[in-house]
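Numbering (the working numbering), first residue to last: 160 to 276. For glycine and all other residues, C-beta sits at the position ideal for the given N, C-alpha and C.
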Amino acid sequence: MSQVKIKRLFRVVTATVTTATSTCTTLRMDDMAGAVVELPTITTNAATIQVWGNDTESGSFCQLYDASGAAASITLAPSTSNRTAYALPDAAYALPYVKLVAASTNATATVNVAMKT
């Protein structure tokens, strides 16, 4: 009897990260089993990327929190010499649409989000 192999599909989305949720890229998360945010070799004012979510693609997004009340976020260590990649926090999969929002004033970045089904 052969073993069942699970084939994962990947897609990469270029996303804009800013402090204004209205200008951040909306990411569709349904059917996604994991995702990584890839930062190029950059310096940025952002020390943290927050994860905001909504049950529809448009409308008011809200900041996501885990069950213990901790904000769903990614603490950055940007590098001018190496690309960096960060896994999305588990709370990002709670709603079908999410946005990555810069927590610091005047911080803007373009990132790649690699998502797998």
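With respect to the beta strand (DSSP E) encompassing residue i, which residues constitute its N-terminal and C-terminal limits?
| i | result |
| --- | --- |
| Arg170 | 169–176 |
Is residue i helix, strand or coil when you go by DSSP?
| i | result |
| --- | --- |
| Thr215 | coil |
| Ser181 | helix |
| Ala266 | coil |
Can you have a look at residue i and say buried or exposed, based on whether 16 or more other CB atoms are within 10 angstroms of its CB?
| i | result |
| --- | --- |
| Ile165 | exposed |
| Val171 | exposed |
Taking the alpha-carbon of residue i as reference, which of the options has the nearest alpha-carbon?
| i | options | result |
| --- | --- | --- |
| Leu259 | Thr234, Ala226, Ser161, Thr276 | Thr234 |
| Lys275 | Val163, Arg167, Ser181 | Arg167 |
| Pro255 | Val270, Ser232, Asp214 | Asp214 |
| Asn271 | Ser219, Thr180, Ala244, Ala236 | Ala244 |
Please report whether the beta-carbon of residue i lies at a distance below 8 Å from any beta-carbon of chain B.
| i | result |
| --- | --- |
| Ala226 | The structure shown contains no chain B, having only a single protein chain. |
Would you call the segment 185–197 in contact with the segment 262–269, where contact means no fewer than 3 C-beta pairs closer than 8 Å? Contact fails: fewer than three Cβ-Cβ distances are below 8 Å.
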